[in-house]
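Residues in the sequence shown are numbered consecutively from 1, following the UniProt record's numbering. All C-beta atoms in this analysis are idealised placements derived from N, C-alpha and C, irrespective of residue type, glycine included.
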Amino acid sequence: MATTTDGGTARGAATRARILEATAALLRDVQAANAATDEDPATTAPVTVSEIARAAGVYPNQITHHYGSKDRLVLDAAFTLFLRDTSRLQAAGRRSRTPEGFRSVLARTALAMPSTPLVVRALATTGGDPALRERVRLLLALLFRQSERYLDRVVTEHGWRSPNGVARDARTFWSAVFGATLLADAGVTGGPSDIDLAGTVSVTG
């Protein structure tokens, strides 16, 4: 039975959810503002704990209590936005009628998702923190597992093939997407194009 305290209860879960959604909204707003002004994200002030607390209607120490650190919270919020975007990516991919079109749609959409650079920047903050690295491992495992299921379903529905296997396709594709985004974030020209990314998925007729 739920109690009225915050530890491991319905109230605590609701507070965690409110903090997470507020952080995701702030990240989304910052990303949109950067895109509108062509601002370099590396020079943009990061979201602060006080901003998150105000947006969520909580005290700053509640953020530490529920998430341990701002980096952990930002990582979770970025992945929340990212997984929502991948649902839209999957819907776009399912409308494709050929393997070539399917691969191309996946590549173009993944690079265009506003949450992709957010995730890449959040991943860059993990550093040598064992707790954050473990969290990244779990979140990536979730992403890969969902992507594998999606690819397997599409391949089966269309009677296509995945010579490299859907598990390898999913991991290779997202690794390439993150790498391309990292290069773009660093201002490197000549990085992987959407055609290169499409080639990381082995789905064929």
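- Close CB contacts of ARG16 within its chain, under the 8 Å cut and outside five residues either way in sequence, are with HIS66 and TYR67 (chain order).
- A straight-line Cα-Cα distance of about 34 Å links THR125 and ARG94.
- Sequence-distant partners of LEU182 (beyond 5 residues in either direction) whose C-beta falls short of 7 Å from its own C-beta, in its chain, are VAL120.
- With a cut-off of 8 Å on Cβ pairs, the region 97 to 117 is not in contact with the region 46 to 63, counting fewer than three such pairs.
- In the DSSP annotation of this structure, the continuous segment of the alpha helix (DSSP H) that includes TRP174 starts and ends at 166 to 185.
- Taking the C-beta atoms as reference points, THR200 is found nearer than 9 Å to ASP169.
- For ARG133, the enclosing alpha helix (DSSP H) stretches over residues 130 to 158.
- Contact between THR204 and ARG161 holds, with the beta-carbon distance rounding to 6 Å and staying under 8 Å.
- Around the beta-carbon of PRO163, fewer than 16 other beta-carbon atoms lie within 10 Å, marking it exposed.
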